[in-house]
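See structure below.
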Amino acid sequence: MSDSTHPEGNVAIFFCRQLDPEQDANRRPLEKELGSKVRFFPLPCSGRIEALHFLKALETGARKVYLVACPEGACRYGQGNVRARKRLDFAKALIREIGLADDCLELVTAKGPSPISIDDIARSLLA
Amino acid sequence: MITAERKPFAEIKAAVAPYGKILVVGCGTCVAECAAGGEKETALLASQLRLDARNEARTVDVKEVTLDRQCIYEFIDQLFPLVDQYDAILSLGCGAGVQAMAEVLPKIHIVPALNTTSISETMEQGVWREDCRGCGDCKLDRFADICPITRCAKGLFNGPCGGSKEGHCEVDPDVPCAWHLIITRMEETGRLESMSEIEPPADWSRTQGKGPRKIVREDQKTP
Chain A
0 MSDSTHPEGN VAIFFCRQLD PEQDANRRPL EKELGSKVRF FPLPCSGRIE ALHFLKALET
60 GARKVYLVAC PEGACRYGQG NVRARKRLDF AKALIREIGL ADDCLELVTA KGPSPISIDD
120 IARSLLA
Chain B
0 MITAERKPFA EIKAAVAPYG KILVVGCGTC VAECAAGGEK ETALLASQLR LDARNEARTV
60 DVKEVTLDRQ CIYEFIDQLF PLVDQYDAIL SLGCGAGVQA MAEVLPKIHI VPALNTTSIS
120 ETMEQGVWRE DCRGCGDCKL DRFADICPIT RCAKGLFNGP CGGSKEGHCE VDPDVPCAWH
180 LIITRMEETG RLESMSEIEP PADWSRTQGK GPRKIVREDQ KTP
């Protein structure tokens, strides 16, 4: 399968902001370091993700899109992270349909209870 | 509502291949409810087309818009200022929507992106089941409001075929036997004695086989 994502493109990170209540401050250092090479999109819950978010991220220059969700059973809204998985799978099917490699989209389940610094999570993804 | 499913991307891609400027038009009514052609699905398809073109280093101009309904001419009129900018319209309307668009916009090629399937109900979020075939001679009250034409695989009018197993259809074991449902509901609502009345075969000639059906209401027409 071909990879249509931008080889020089950025990394988009959608994440549940319940993981890191200080996310607004914690992501700034990385944004300052990497500039437009990383884009953060806080969500009130990972279950608010839509397949369109993934495709739009790819359209606008992402080479990799992460969705960071709460651990299983830890979603404060019940099933948000379960819904997130289904939406990601749907988006992957759309990506495969146009002949792209679906590994450009990835669900990351945070380990351990919140709060976890989004800066730490992002650095581990970008390492 | 009318339900539909999006065509495979490969089929859509082949159909719009000759065109460099495509307007993707969604519909905000039935096909939005069944998540086939609403605003979200329209944006997704447009995005897929752009990503696909970029992957193949092709240039294509794809924009999207969603009408409240594609089957009402007054809503389609909203496209007049746009249509000259495009080579084709990719419609995520049902079959009625595609044809209505072609009536209003006869000079541009309208390509259907959906396969219209049925008249259905939403059983739960994400699940739609066909309920009605539009036979034009509704007798649902005779069958405890469960349509034997649509929901019985054999379209039987006077009781079960005898092939059902544990209340499920022998043609498709995932489907409840319609007559099992009908008789159960008749029992529960005290109407079982109506089963003794024989329902004659449908006279399809009254409503079918004469081309497209049309309803005219003079009291509704504008003078």
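First to last, the protein sequences are chains A and B. Using numbering that gives the first Met the number 0, read the first sequence as starting at 0 and increasing by one per residue. Using numbering that gives the first Met the number 0, read the second sequence as starting at 0 and increasing by one per residue. Each residue gets a CB set at the ideal place from its N, CA and C atoms; glycine is no exception.
- Ranked by Cα distance from Leu104 (chain A), the first of A:Ala61, A:Ala126, A:Arg38 and A:Asp19 is A:Ala61.
- For a Cβ distance threshold of 8 Å, nothing in chain B lies close to Glu32 (chain A): the least Cβ distance comes to about 28 Å.
- The stretch 50 to 137 of chain B is shown to contain whole alpha helix (DSSP H) runs of 4 or more residues at 72 to 75, 79 to 82 and 94 to 103, in chain order.
- Fully enclosed beta strand (DSSP E) runs of no fewer than 3 residues occupy 20 to 26 of the stretch 4 to 33 of chain B, in order along the chain.
- Less than 8 Å divides the Cβ of Asn25 (chain A) from the Cβ of Ile117 (chain A).
- Measuring C-alpha to C-alpha distances from Asp202 (chain B) to each of B:Ala95, B:Arg150 and B:Gly135 identifies B:Gly135 as the nearest.
- Along the stretch 49 to 77 of chain A, the positions whose C-beta sits under 8 Å from a C-beta of chain B are Glu49, Ala50, Leu51, Leu54, Lys55, Leu57 and Glu58, read in chain order.
- Judged by DSSP in its simplified three-state form, Pro41 (chain A) adopts strand.
- In the DSSP assignment, Glu105 (chain A) forms a beta bridge with A:Tyr65.
- Identification of chain A residues near Asp51 (chain B) by a Cβ-Cβ cut-off of 7 Å yields Ile97, ordered along the chain.
- In this structure, DSSP gives Ala11 (chain A) an extended state, which the three-state scheme calls strand.
- Counting along the chain, Ala121 (chain A) sits inside the alpha helix (DSSP H) bounded by residues Ile117 to Leu125.
- Interface criterion met: the Cβ of Leu93 (chain A) is under 8 Å from a Cβ in chain B.
- For Glu32 (chain A), the enclosing alpha helix (DSSP H) starts and ends at Arg27 to Leu33.
- Residue environment for Ser195 (chain B): exposed (fewer than 16 other C-beta atoms within 10 angstroms of its C-beta).
- Asp173 (chain B) places its beta carbon 8 Å or farther from that of Thr149 (chain B).
- Counting C-beta pairs closer than 8 Å gives fewer than three between the stretch 111 to 119 of chain B and the stretch 53 to 69 of chain B, which falls short of the contact rule.
- Nearest Cα to Arg205 (chain B) within the set B:Gly166, B:Cys137 and B:Gly37: B:Cys137.
- Gln47 (chain B) reaches chain A at Leu54, Leu93, Glu96 and Ile97, counting residues in chain order whose Cβ is nearer than 8 Å.
- For Pro200 (chain B), the three-state secondary structure derived from DSSP is coil.
- Taking all protein chains shown into account, Glu21 (chain A) has fewer than 16 neighbouring C-beta atoms within 10 Å of its C-beta and is therefore exposed.
- Judged by pairs of C-beta atoms under 8 Å, the stretch 83 to 99 of chain B touches the stretch 17 to 37 of chain B, as three or more such pairs exist.
- For Lys39 (chain B), the chain A residues whose C-beta falls within less than 9 Å of its own C-beta are Glu49, Ala50 and Leu51, listed in chain order.
- The beta carbon of Phe89 (chain A) lies closer than 6 Å to those of Ala50 in the same chain, with the five residues before and after it left out.
- In the three-state scheme derived from DSSP, where H, G and I count as helix and E and B as strand, Ile145 (chain B) is classed as coil.
- Around the beta carbon of Ser163 (chain B), 16 or more other beta carbons sit within 10 angstroms, so the residue counts as buried.
- Here Ile48 (chain A) carries a coil assignment [DSSP, helix/strand/coil].
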